[in-house]
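Just so we're aligned: the sequence shown equals residues 33 to 159 in this note's numbering.
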Amino acid sequence: MQEEQIREALNAHWRASAAGDANAEHDIYDDNAICDYPQSGERILGRNNLQALRSHHPGKPSGFNVKRILGKGDLWVTEYTIIYQGRPAYTVSIMEFRNGKVVHETQYFADPFEAPAWRSQWVQRIA
Numbered sequence: 033m034q035e036e037q038i039r040e041a042l043n044a045h046w047r048a049s050a051a052g053d054a055n056a057e058h059d060i061y062d063d064n065a066i067c068d069y070p071q072s073g074e075r076i077l078g079r080n081n082l083q084a085l086r087s088h089h090p091g092k093p094s095g096f097n098v099k100r101i102l103g104k105g106d107l108w109v110t111e112y113t114i115i116y117q118g119r120p121a122y123t124v125s126i127m128e129f130r131n132g133k134v135v136h137e138t139q140y141f142a143d144p145f146e147a148p149a150w151r152s153q154w155v156q157r158i159a
């Protein structure tokens with residue numbers, strides 16, 4: 033699969049995720065895809081289980097914003113923010129492609145935290 037096609041597939045995936053279109057959102061995955069959530073120690077096996085899990089999420093996201101997509105060949109990374117129950121979750125998705133479909137995804141979720149004052153002289157604040 034060409035990199036332009038992968039980028040198009042990723043853009044369609046993230047648009048569908050933001051719109052809550054569970055069917056279109058999961059078109060990108062291979063039937064036997066694996067999705068890992070390292071922070072909770074969970075592994076989801078197969079596209080059907082992944083779609084079912086996300087479709088039954090009790091705190092469905094109310095906001096979704098892709099910051100950037102970077103990748104080459106079969107390895108792609110998306111940095112984005114999801115709003116769950118009014119709170120942002122800063123998220124990174126690492127996707128591995130084979131034959132045009134995602135065969136493995138790892139997602140990391142991080143809560144925001146207040147920047148410590150002691151380092152203010154060396155940093156620039158970003159939104």
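C-beta atoms are modelled at their ideal positions from N, C-alpha and C, and glycine is treated no differently.
Nothing here was measured: the structure is a model prediction, and the numbers come from that model.
message = At the level of alpha carbons, what is the spacing between Gly91 and Glu35?
response = 34 Å
message = If I follow the unbroken beta strand (DSSP E) through Asn97, where does it start and stop?
response = 95–104
query = His58 lies in the alpha helix (DSSP H); which residues open and close that run?
reply = Element bounds for His58: n/a, residue is neither H nor E.
message = Are there any heavy atoms of the ligand HEM lying less than 7 Å away from the beta-carbon of Leu77, as far as the coordinates show?
response = In the structure shown, the ligand HEM is absent, as is every other ligand, since no ligand is present at all.
inquiry  = If contacts are defined as beta-carbon pairs under 8 Å, then Ser87 and Ile115 qualify, I think. What distance do you get, rounded to the angstrom?
reply    = 18 Å between Cβ atoms; not a contact.
request  = Express the C-alpha separation of Gly105 and Arg39 in angstroms, rounding to a whole number.
outcome  = 11 Å
query = First and last residue of the beta strand (DSSP E) that includes Gln139?
reply = 133–142
message = Going by beta-carbon coordinates alone, are Trp46 and Thr110 separated by less than 8 Å?
response = yes
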